[in-house]
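J.:
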Amino acid sequence: MLKGTVKVRLKDGVLDPQGQTIRRALAQMGYDWVRNVRTGRTFEVEIEADDALSARGRLEEISSKLLANPVIESFQVEVRS
Amino acid sequence: MRFGVVTFPGSNCDYDAYAALRHVLCAPVEFLWHADPDLKDVDCVILPGGFSFGDYLRAGAIARFSPVMNSVIRFAESGGLVWGICNGFQILLEAGLLPGAMLRNSTMRFACQWVRIKVETTRTPFTRGCRPGQILRIPIAHAEGNYYADDETIDQLERSGQIVLRYVNAEGNPDDASNPNGSRHNIAGIMNREGNILGMMPHPERAVEPILGSEDGLALFNSLLGATAAGMETPMKARVASQRGAQV
Chain X
1 MLKGTVKVRL
11 KDGVLDPQGQ
21 TIRRALAQMG
31 YDWVRNVRTG
41 RTFEVEIEAD
51 DALSARGRLE
61 EISSKLLANP
71 VIESFQVEVR
81 S
Chain R
82 MRFGVVTFPG
92 SNCDYDAYAA
102 LRHVLCAPVE
112 FLWHADPDLK
122 DVDCVILPGG
132 FSFGDYLRAG
142 AIARFSPVMN
152 SVIRFAESGG
162 LVWGICNGFQ
172 ILLEAGLLPG
182 AMLRNSTMRF
192 ACQWVRIKVE
202 TTRTPFTRGC
212 RPGQILRIPI
222 AHAEGNYYAD
232 DETIDQLERS
242 GQIVLRYVNA
252 EGNPDDASNP
262 NGSRHNIAGI
272 MNREGNILGM
282 MPHPERAVEP
292 ILGSEDGLAL
302 FNSLLGATAA
312 GMETPMKARV
322 ASQRGAQV
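Those protein sequences? They're chains X and R, same order as listed.
With the numbering used here, the residue at position 9 of the first sequence is 9, and numbering never jumps.
With the numbering used here, the residue at position 159 of the second sequence is 240, and numbering never jumps.
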């Protein structure tokens, strides 16, 4: 079994209301040096695959099909053995 | 015209849509189940509001892969009428039946309020019975109704007249103050090019009787019901009133 990580983030230029709200909260807390916050999410996935290459392919497939919405999000896949 | 309302785990407006059709409009309607691909030969499939699969991952992202959705996609692609309301609109976007995606409301608040929406086109069975430019007062209730699509897609929607409903002020102008969620171009509802698929965030099924605060939602239901009567404008409310009177 292999472990992988999928990081999903909003594409550049797509409004991130959560990130903006967090940035405003930080500014209110005194952290006025925070210029911008963009949110995203990470998936830790355990998968069956013969090797790292096929694991990567499998993770990319489920990322583009379900984990990320390609209209607004991009993703990055990492495989650990 | 026979309607089917899909129930997903977490749908909560399925009974509202069913009740509006069955008890207010006296139209034939039945429930469809998300795990059953059978659409029971209905003429119009409604994907109702709610929080299918708890809105986990993204609103509509899991429901889009329910077994019933394969049938809905085939049905839609062959010209069948598909109406996504609120969470149903989100499901249509996730399924790629309509372009774009939903972001969190720009306010970061769950928006539960009355809005005014303007009927921008009547070139679809869903608004055929409306006056062009008609303003409807209908409620919204959502946290992710901030419609987003890239510039190219928005231009395309504008050019081809696929924007069906827009949030407007009392004068009918789509200004920032009347935009409850940050949607691009004040978009409240869009259709596909052919006009047989409509996605909208406001809840017409919650505005079908005076006791609910508005009957403006009937304009959309009546458009659909009139659409089958060979272009005849059906005086649906009068018929309903007499039928309901007869039932009492």
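From the three backbone atoms N, C-alpha and C, an ideal C-beta is built for every residue, glycine too.
What do you reckon, are the CB atoms on V77 (chain X) and R58 (chain X) nearer than 7 Å?
T.: Contact flag unset, no.
J.: According to DSSP, S295 (chain R) sits in a beta bridge with which residue or residues?
T.: Bridge partners of S295 (chain R): R:E290.
J.: Starting from the N-terminal side, write out each stretch of the alpha helix (DSSP H) that is 4 residues or longer and does not extend beyond the region 50-77 of chain X.
T.: Listed in chain order, the complete alpha helix (DSSP H) runs (minimum 4 residues) inside the region 50-77 of chain X are 52-62.
J.: Quick one, which residues of the region 6-31 of chain X are near chain R if we go by CB-CB under 7 Å, in chain order?
T.: Result list: V14, L15, P17, Q18, T21.
J.: Got a sec: is the Cβ-Cβ distance from D62 (chain X) to anything in chain R below 7 Å?
T.: First, the residue type needs correcting, since residue 62 (chain X) is Ile and not Asp in the sequence shown. Answer no: the Cβ-Cβ gap between I62 (chain X) and chain R never drops below 7 Å.
J.: Which residues of chain R have a Cβ atom closer than 8 Å to the Cβ of I72 (chain X), listed in chain order?
T.: Per Cβ cutoff of 8 Å: A182, L184, Y229.
J.: What does S187 (chain R) touch in chain X if you count any residue whose Cβ is under 8 Å from its own?
T.: Here the neighbours are L15, P17.
J.: Need the endpoints of the alpha helix (DSSP H) that G19 (chain X) sits in, please.
T.: Residues 17-28.
J.: Please state if the CB of E225 (chain R) and the CB of R185 (chain R) are separated by a distance shorter than 7 Å.
T.: Against a cut-off of 7 Å, the Cβ pair of E225 (chain R) and R185 (chain R) comes out as a contact.
J.: Within 7 Å (strictly less), CB to CB, does R218 (chain R) reach chain X?
T.: No - not a single Cβ of chain X is within 7 Å of the one on R218 (chain R).
J.: Got a sec: is the Cβ-Cβ distance from R190 (chain R) to anything in chain X below 7 Å?
T.: Closer than 7 Å: no.
J.: So with Cβ pairs under 7 Å, would you call R139 (chain R) a contact of chain X?
T.: Yes, R139 (chain R) counts as interfacial toward chain X.
J.: I'd like the list of long-range same chain contacts for S259 (chain R), defined as Cβ closer than 6 Å, with 5 residues on each side in sequence excluded.
T.: Same-chain partners within the cutoff: Y248, V249, N250.
J.: Cutting at 6 Å between CB atoms, please list the residues of its own chain near A230 (chain R), excluding the five before and the five after it.
T.: Excluding sequence neighbours, A230 (chain R) sits near P180, G181.
J.: Which residues of chain X have a Cβ atom closer than 8 Å to the Cβ of E330 (chain R), listed in chain order?
T.: Nothing in the structure corresponds to residue 330 (chain R), since chain R is present only between 82 and 329.
J.: For S92 (chain R), count neighbouring C-beta atoms within 10 Å of its own C-beta (all shown protein chains included) and say buried if the count is 16 or more, exposed if not.
T.: Looking at its Cβ environment, which holds 16 or more other Cβ atoms inside 10 Å, S92 (chain R) is buried.
J.: To the nearest whole angstrom, what separates the beta carbons of E175 (chain R) and N69 (chain X), a pair I think is in contact under 8 Å?
T.: At roughly 7 Å, the Cβ-Cβ gap stays under 8 Å, so E175 (chain R) and N69 (chain X) are in contact.
J.: Name the chain X residues whose beta carbon is nearer than 9 Å to that of G263 (chain R)?
T.: Those within 9 Å of G263 (chain R) in chain X are L15, P17.
J.: If you count every other CB in all the chains shown that lies within 10 Å of the CB of T88 (chain R), and 16 or more means buried, which is it?
T.: T88 (chain R) comes out buried.
J.: Got a sec, what are the start and stop residues for the alpha helix (DSSP H) R103 (chain R) sits in?
T.: Looking at the DSSP string, R103 (chain R) is not in any alpha helix (DSSP H), and its letter there is neither H nor E.
J.: Tell me where the beta strand (DSSP E) around R197 (chain R) begins and ends.
T.: Here the beta strand (DSSP E) through R197 (chain R) covers 192-200.
J.: Please tell me whether I219 (chain R) and G298 (chain R) are closer than 7 Å, where the distance is taken between their beta carbons.
T.: Yes; because the gap between Cβ atoms is below 7 Å, this pair is in contact.
J.: How should S241 (chain R) be labelled, buried or exposed, when 16 other C-beta atoms within 10 angstroms of its C-beta is the threshold for buried?
T.: Exposed, since its Cβ has fewer than 16 Cβ neighbours within 10 Å.
J.: Measuring straight from C-alpha to C-alpha, what distance separates P118 (chain R) and A98 (chain R)?
T.: Roughly 20 Å separates the two Cα atoms.
J.: Hey, out of R:R83, R:W195, R:R265, R:Q171, whose CA is closest to D236 (chain R)'s CA?
T.: With distances taken between Cα atoms, D236 (chain R) lies closest to R:R265.
J.: Answer yes or no: does any C-beta atom of chain X fall closer than 7 Å to that of T315 (chain R)?
T.: Model confidence at T315 (chain R) stands at a pLDDT of 39, short of 50, so the residue's coordinates are unreliable; what they give is reported in the following sentence. It does not: the Cβ of T315 (chain R) has no partner Cβ on chain X nearer than 7 Å.
J.: In whole angstroms, what is the alpha-carbon distance linking L305 (chain R) and G210 (chain R)?
T.: Going by the C-alpha atoms only, they are around 8 Å apart.
J.: Inspect the CB distances between the region 24-38 of chain X and the region 198-205 of chain R and report whether three or more fall short of 8 Å.
T.: Result no; under three Cβ-Cβ pairs closer than 8 Å.
J.: Using the Cβ count rule (16 or more neighbours within 10 Å means buried), how would you classify C193 (chain R)?
T.: Result: exposed.
J.: Would you report the Cα separation of T315 (chain R) and I127 (chain R), rounded to the nearest angstrom?
T.: Low local confidence applies: a pLDDT of 39 at T315 (chain R) is under 50, so the model's placement there is unreliable, with the coordinate-based value given in what follows. If you take the alpha carbons of T315 (chain R) and I127 (chain R), they lie about 21 Å apart.
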